Each structure stands twice: as structure tokens, then as C-alpha cells.
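Participant:
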Amino acid sequence: MLTVTQINSLTPKKSSFYAWDKTGERGKGRLGVQVTPAGSKSFKFRYFQSSKAILIPIGRLPGVTLAKARKIAESYSELLSQGIDPLEYLQEKEAEQEYLEQESLRAGSFEQLIDLYTLDKCKRGKRNYEEDKQKIICNIYPYLDKTRKAKSFEPSDFMQALSIPIQEGYAPKSNKLRSYLHAAFEFGLKNDNDPASNNSKVKFGLKYNPISAIPKQTYAEKAGDRFLNIDELVQLIHDMSYRYHDLKLATSTRRFIKLCFYLGGQRPYEIANTKWSDINFRDKTLTIRAEIFKTNHAHVVPLTHTAVEILKECLKDNEFNSPFVFHKKTKPTEPMPSNTLAQALLSYKRNTEIDNFIARDFRRTFKTLGGQFKISKEVRDRIQGHAISDVSGKHYDRYEYLDEKRDGLELWEAVLNERLIERSKFGDIS
275 MLTVTQINSL TPKKSSFYAW DKTGERGKGR LGVQVTPAGS KSFKFRYFQS SKAILIPIGR
335 LPGVTLAKAR KIAESYSELL SQGIDPLEYL QEKEAEQEYL EQESLRAGSF EQLIDLYTLD
395 KCKRGKRNYE EDKQKIICNI YPYLDKTRKA KSFEPSDFMQ ALSIPIQEGY APKSNKLRSY
455 LHAAFEFGLK NDNDPASNNS KVKFGLKYNP ISAIPKQTYA EKAGDRFLNI DELVQLIHDM
515 SYRYHDLKLA TSTRRFIKLC FYLGGQRPYE IANTKWSDIN FRDKTLTIRA EIFKTNHAHV
575 VPLTHTAVEI LKECLKDNEF NSPFVFHKKT KPTEPMPSNT LAQALLSYKR NTEIDNFIAR
635 DFRRTFKTLG GQFKISKEVR DRIQGHAISD VSGKHYDRYE YLDEKRDGLE LWEAVLNERL
695 IERSKFGDIS
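Residue 275 is where the sequence shown starts when you use my numbering, and the numbers rise one by one after that.
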């Protein structure tokens, strides 16, 4: 048996040579030391397969001690006694480890899940994908480790982040965050098996959606019922045109609010993202592009005389040559941010006695008052671009109903303007 003294006494020769253990056992291989002409010494394990010597490196001295080398050699001998080829065994283990390491690298983190889901929403033309991501960054990331593997998350990991809005009295906000997280994990579940993402370097290995076990706050999901009555609406439009002494709103914001109503309660997001190329002054139409319309189909809205006049005022003041009708003040190449309207409405409510309302109530206001003005429900639905659920309407009806929508909007305009004239003359619209 080799000893430390024997190994230390080995001196280099002109060519490499080996010194082997002499155990007397056959079929179990031998531990040996290779000595090179440069004097370096390294442990090797030798065994024979079909009369061919096979060498397995163990390690160099002094990094590997004799005791450690002998222990490794004994494990190889044990494999041989079981009929297992040590070299093949090591190669299989190495391949398995490499596979596990690759899978570990491919097992996407929570942050990667959010990034890829956001990219997927962008590719599918979904609205607000970047804004939704920012909500996760601001409201979820601070309460967990975003670099953790997505597959390691449990429902309890999201409890703190989702409970905070509820404790602050904003349960709907918690529901929206939950909804986004649930959709992101659903995307992750399908992503690994999606042929379209087969070449993706990132896989998630999710077995289930951890958000599914978190209940929605159903009490916060009741449908809204707030709408502006005719007096409130006329007062709002009047104030946007004439109230400046205590209402410090930008001219563009005032025009934006008025236009939202004269367009029949179109979604503020869609109007904020409208480009000048979407306006046809000759045909008096505004086209809400498919990529910004909620149902991913282009929606054409007829322009009344008042709407055209508002747009012409905007065009006249477009000194930065912005592509957007309503642009970001500090960056004209971008659309007006959604919080601009929210801040404007807060300012308006602080300076008036109007009951609380939000931008989402614009749409309900037209739908409700339009009914009072004898605009049929079908025409009101057409004006707001509601999806038609019947088979015929969904698959075959490509008629734009422009004449019907124009008639409805002109009736709407006539009533509003008549009331505004009364408001200007008498200061009273009751």
C-alpha cells in the first residue's frame, strides 16, 4: 500500500511514471500516483475493461491528500464490485448535474415571469401592459424576493402585499393586483408547454397557480352606479370652458374632458392615446385603433360639430407637432398620462360641491342620460363599441352603423348644448 513517505520520496524522471498500490485484490482497480518530469504528482485510479487500462483522475497533491484519494478510490472499487463501470458512472453523474444546472438556470424567477408576461401582453396588443407592470413593481416587489424561482412561491408569500390595500380601504386595488398576479402565473403554466416559446431559454416549471388559493374580495366588486345627472354634467362642461378663477387646469385637460363626453363616453385611455392620424376631418370621424381599444378591434366614432371644433382648437395649439391629440406636457412624443385626468377631477371636486365621481363614470353617464334623451340602447351600445354577443353580429356583421351612431351623437350634442345655452343665459339649468 502506498504511504505518504513513499509518495514524498518519488523523484521525477525523464518521462512520467506511476507508482501503484499493491493490494493483491483483483477486479477492484488500484490507486496510484503519477509523477511527471516537472515533479508534479497526482492521484489516479486504474482499472481494466476488456484488457484495456482505464485511468480516472482523482486530484493533484498536495490539494488532495492520500487519505482523501484512497477514500475516492475505494468508492470506485465498490462500483466495480457491483458490476458498474466507474467512468461511465461518473459521466452519467456529470451529465445529470449539467442537466440540473441548466434546468436551474432555465427555471425563471418571479421577476422574469412578470417581464415575460408583460412582453406577451404587449405582443397581443393589450392595453396598459406597462402601467400594470409598474403596479406590480410598486406594490408587490417590495414585499418579496423577486429573484426567487417562480415555482417556489406559495399563497402565503403574497399575503402581506395584497392585504395592505384592503387595510387602507382600497379592496378593489387588492383585487386588481391579485387578478394581474393570477394571469401572470397562468401565463407561466402554459408558457413551458407552448410550441411558440419552445426555444425560450426561460422555463418556469410551475405545477400550479399559487394565486388561485387566494380569494377575491367579492364585496369590493359590485358594479358602479354613479353617473352625473344632467345638471352636474352641464355644470362640469360649462366649468371646463369658463371657470378659471379657482380651477387651475390646463387648457388641454379641459378640452379632453369635454371631448370625452361629446364623443359619447369613450374610454379616457382611448382618447388620451388618439393620434392625429386617427382623425378624419373630411368624413368627420375618429378611429380608435385596435391596439388601444378594449376589444382589440378598431372602433369608428362619428364627430359632431362641437367635437370637431374642440379638435381644431387642439390642432391649432399643437406647437410641438405631437403625433398625439393630447400629449404629455414634458414629452410631446408620448400620450397624456392617465393620472392627468385623475388629478384634474380631484382638483375639480375640491373646488366644487359635486358628489364624488371618477373617470370611469363618464361612460355610465352617457349610457344613462342618453337613454333619458331617447337614444336607443342599441345605438348607445354601438356608439360605445360594446361587443355584440349574438353569432350574427360577432362573425358576419361588418356594417359600421356610422349613420345611426352619428344621429345618436348629434341628438346628444343638441341636448347638451341647449342646456349649456340655458346655463349661460340664466345661470340655472333646473
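For every residue, glycine included, the Cβ atom is placed at its ideal position computed from N, Cα and C. Here the structure is a predicted model, which means the values were calculated and not measured.
With DSSP as the reference, label R334 as helix, strand or coil.
Facilitator: Note: R334 maps to strand in three-state DSSP.
Participant: What are the complete alpha helix (DSSP H) segments, minimum 4 residues, inside the region 469-543?
Facilitator: Runs of the alpha helix (DSSP H) inside the region 469-543: 504-516, 525-536.
Participant: Check whether chain B comes within 8 Å of L340, counting only Cβ atoms and requiring the distance to be less than that.
Facilitator: The structure shown has no chain B; it contains just one protein chain.
Participant: If you check the beta carbons only, do V307 and L329 fall under 8 Å apart?
Facilitator: no
Participant: In whole angstroms, what separates the C-alpha of K400 from that of T392?
Facilitator: Those two C-alpha atoms are separated by around 9 Å.
Participant: Do A343 and F317 have their CB atoms nearer than 8 Å?
Facilitator: yes
Participant: With DSSP as the reference, label G659 as helix, strand or coil.
Facilitator: coil
Participant: If you draw a straight line from the C-alpha of P336 to the C-alpha of G303, how long is it?
Facilitator: 23 Å
Participant: Please state whether the Cβ-Cβ distance between F530 and F600 is less than 8 Å.
Facilitator: Taking a C-beta distance under 8 Å as the contact criterion, F530 and F600 qualify as a contact pair.
Participant: Within 8 Å, do at least three Cβ pairs link the region 517-524 to the region 619-631?
Facilitator: Three or more beta-carbon pairs drawn from the region 619-631 and the region 517-524 are found closer than 8 Å, and the two stretches are therefore classed as touching.
Participant: I want to know whether the region 558-577 touches the region 635-642 - three or more CB-CB distances under 8 Å.
Facilitator: Flag = no, the region 558-577 and the region 635-642 do not touch.
Participant: L455 lies in the alpha helix (DSSP H); which residues open and close that run?
Facilitator: 445-465
Participant: Going straight from the alpha carbon of I419 to that of L463, what length do you get?
Facilitator: Just to set this straight, residue 419 is Asp in the shown sequence, not Ile. A direct Cα-to-Cα measurement between D419 and L463 gives close to 20 Å.
Participant: Since I believe G479 is in contact with Q658 (beta carbons under 8 Å), could you give me their beta-carbon distance rounded to a whole number of angstroms?
Facilitator: Q658 to G479, Cβ: 43 Å. No contact.
Participant: Just to confirm, are F319 and L305 a CB contact at a threshold of 8 Å?
Facilitator: yes
Participant: If we ignore side chains and look at the alpha-carbon of each, how far apart do P484 and S426 end up?
Facilitator: Computed Cα separation, rounded: 9 Å.
Participant: Under 6 Å Cβ to Cβ from K549, same chain only, skipping five residues before and after it: list those, please.
Facilitator: Contacts found: P597, F598.
Participant: For a quick check, are the C-beta atoms of R452 and L436 less than 8 Å apart?
Facilitator: yes
Participant: According to DSSP, what are the bridge partners of V575?
Facilitator: L560
Participant: For a minimum of 3 consecutive residues, which ranges assigned as the beta strand (DSSP E) are wholly contained in the region 289-314?
Facilitator: The region 289-314 contains these whole beta strand (DSSP E) runs: 291-294, 304-309.
Participant: Using CA coordinates, which residue listed in E370, A381, S621, K699 is at the minimum distance from L523?
Facilitator: S621
Participant: If I measure Cβ to Cβ from I545 and keep anything under 6 Å in the same chain, skipping five residues before and after, which residues do I get?
Facilitator: C534
Participant: In chain order, which continuous runs of the alpha helix (DSSP H) of length 4 or greater are located wholly inside the region 580-655?
Facilitator: As summarised for the region 580-655, the continuous alpha helix (DSSP H) elements at least 4 residues long and confined to that stretch are 612-625, 635-646, given in chain order.
Participant: With a cut-off of 8 Å, do at least 3 Cβ pairs link the region 578-593 to the region 506-514?
Facilitator: no
Participant: Around the C-beta of C588, are 16 or more other C-beta atoms found within 10 angstroms, so that it is buried, or is it exposed?
Facilitator: Buried.
Participant: Given E460, which residues of its chain have a CB within under 7 Å of its CB, disregarding the five upstream and five downstream residues?
Facilitator: For E460, where only same-chain residues beyond five positions count, the Cβ hits under 7 Å are N483.
Participant: Which residue's Cα is closest to the Cα of Q540: F640, K345, N595?
Facilitator: F640
Participant: How many whole angstroms separate the CB atoms of F631 and R500, which I take to be in contact at a CB cut-off of 8 Å?
Facilitator: 5 Å
Participant: Quick check: what's the CA-CA separation for D655 versus K395?
Facilitator: 27 Å
Participant: Would you mind working out which of L354, A457, I438, L619 sits nearest S486, comparing C-alpha positions?
Facilitator: A457
Participant: Let me know the secondary structure DSSP gives F269 once reduced to three states.
Facilitator: The chain is shown only over 275 to 704; residue 269 falls outside these bounds and no answer can be derived.
Participant: Check whether the region 643-652 and the region 676-693 touch, using three or more Cβ-Cβ pairs below 8 Å as the test.
Facilitator: yes
Participant: With a 10 Å radius around its C-beta and 16 neighbouring C-beta atoms as the bar for buried, classify Y543 as buried or exposed.
Facilitator: Counting Cβ neighbours within 10 Å, Y543 comes out buried, since at least 16 surround it.
Participant: Could you check whether K407 and I388 sit closer than 8 Å to each other, using their CB atoms as the reference points?
Facilitator: Their beta carbons are under 8 Å apart, which means I388 touches K407 by this criterion.
Participant: Given 7 Å as the limit, tell me if Q646 has its C-beta closer than that to any heavy atom belonging to the ligand HEM.
Facilitator: Among the ligands in the structure shown, none appear at all, so the ligand HEM cannot be discussed.
Participant: Between which two residues does the alpha helix (DSSP H) harbouring M433 extend?
Facilitator: 433-441
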